[in-house]
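For what it's worth, my numbering labels the leading residue of the sequence shown as 1076, then goes sequentially. The C-beta atom is built at its ideal place from N, Cα and C for all residues, glycine as well. Read the structure below first, then the notes.
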Amino acid sequence: MAEFRGPDSRSSEGRGGRPISGGMRPTGGDKAMAGKKQYFRRKKMCRFCVDKIDDINYKDTRLMLSFLSERGKITPRRISGVCAPHQRRLAESIKQARNIALIPFTTSM
1076 MAEFRGPDSR SSEGRGGRPI SGGMRPTGGD KAMAGKKQYF RRKKMCRFCV
1126 DKIDDINYKD TRLMLSFLSE RGKITPRRIS GVCAPHQRRL AESIKQARNI
1176 ALIPFTTSM
């Protein structure tokens, strides 16, 4: 039978009977000590919030084209750094500009 152990007793075994390793994985702070090269990534700020642009106009094609990829796709928020409300308005205005032929749907090949 299994031996009953109280809440105070410690064992060298973890869940499932596997032994608990003594060493821990290195965290982000330990990498600098280990000599690994780190690089600093600047937090992306919403261009519209910084410049205090309230309305995103579909007629401003130069602005719209800066948020399109080479293939004509709308760049996602994680890449462009635009906040969610402005990304929604930007996508809507890009679609409006496409429908009235100010911006092409795709690249011409």
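{"Item": "Count the other C-beta atoms from every protein chain shown that fall within 10 angstroms of the C-beta of residue 1141, then say buried if there are 16 or more, exposed otherwise.", "Value": "exposed"}
{"Item": "By Cβ distance below 8 Å, which residues in the same chain neighbour residue 1149 in space, the five residues on each side in sequence not counted?", "Value": "1142, 1143, 1165, 1166, 1169"}
{"Item": "Can residue 1145 and residue 1182 be called in contact, C-beta distance under 8 Å?", "Value": "yes"}
{"Item": "With residue 1172 and residue 1114 assumed to form a contact (beta carbons below 8 Å), what rounded beta-carbon distance in angstroms separates them?", "Value": "Not a contact, Cβ separation roughly 36 Å."}
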